[in-house]
Amino acid sequence: MSAAGGPSEASDALRAGLEELAVPEQDRAQRLLERYLDELERWNPRFGLVKAASRRELVIKHVLDSLCAWRTVREAAAAGRGTVLDIGSGAGFPGIPLAVALPELSFTLLERMSRRAAFLRTCGVLLGLPRLQVICGSLQDAPGEYEVITFRAVAPFDRLLRETARTHVRWRTVVAYKGREERARQEIEAARRGGEESLRLRCVRIQPPWMDEERCLIIASRSSAEARIVDKPEGAG
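Last residue of the sequence shown: 245 (this note's numbering), numbering continuous.
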């Protein structure tokens, strides 16, 4: 990473962004996220975890972008046991920033690559996030019931829904980070054509601080009755 947008400038951007997004316990979040960025910058040259020209770019395009959905995730997870599955966590986006902002929730980070999974486990320990666990594997390796599934830059929305349906992963809400709204709405229509008419599907614009690129969320949710049916154990009448 280049020297442009160095630590001081990046810290200022992070502090202002946390305030703009009204993230809870901002001093704590700032401290932990700075530690996370330090660790990311140590691992990144060797393992190529994420592309960014500077630390400030990491803050804006990755950390603050991830945090734009913290309210959505909190509200959806609070309706049940507070469990979140982050699919394809990679360098930890959006899972780690969300876990920092929402320490009351339990996060499972799912990552296929062992070196990235090792990085994520190291971060969980260094940041003192006892409710964060990491699974190195695919969706087949993460059976369980989750209030919320998150993913960012992993797959088209409709394809991920199909892949999840073939596993033992059960969920009530999916929050998918997307770019252009037009493309996100196309993915929503593809999901409906694929047999997801019963889901409540919506597209919500988000605006990460200082980011000029168009960003939005696709949010899929089941009704309480549908969720109970989905969560019924195999063989139940």
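The beta-carbon is built from N, C-alpha and C at its ideal position, and this holds for glycine as well.
Contact defined as beta carbons within less than 8 Å: I believe residue i pairs with residue j. What is the distance between those atoms, to the nearest angstrom?
i	j	result
residue 57	residue 51	6 Å
residue 22	residue 38	6 Å
How big is the Cα-Cα spacing for residue i and residue j?
i	j	result
residue 102	residue 92	11 Å
residue 32	residue 124	28 Å
residue 173	residue 20	42 Å
residue 129	residue 158	18 Å
residue 74	residue 222	14 Å
residue 156	residue 85	6 Å
residue 110	residue 175	27 Å
residue 150	residue 170	16 Å
residue 236	residue 18	Note that residue 236 scores 40 on pLDDT, short of 50, meaning its location in the model is unreliable; the coordinates nonetheless yield the value given after this. Using only the alpha carbons, I get a separation of about 45 Å.
residue 213	residue 28	16 Å
residue 201	residue 88	29 Å
residue 228	residue 16	38 Å
residue 114	residue 94	11 Å
residue 245	residue 153	Legend: pLDDT at residue 245 = 31, less than 50; position of this residue unreliable, value from coordinates given subsequently. Whole-angstrom Cα-Cα distance: 19 Å.
residue 217	residue 72	7 Å
residue 197	residue 189	12 Å
residue 108	residue 96	18 Å
DSSP beta-bridge partners for residue i?
i	result
residue 179	154
residue 212	225
residue 190	DSSP lists no partner for residue 190.
residue 140	115
residue 160	185
Return yes when the C-beta of residue i is under 6 Å from any heavy atom of the ligand ADP, and no when it is not.
i	result
residue 186	The ligand ADP is not part of this structure, which contains no ligands at all.
Original post:
Per the contact definition of three or more C-beta pairs closer than 8 Å, is the stretch 57-68 in contact with the stretch 156-170?
Top reply: Short answer: they don't touch.
Subject >> Whole runs of the beta strand (DSSP E) within the stretch 73-129, excluding any shorter than 3 residues >> reply: Runs found: 91-95 and 114-119.
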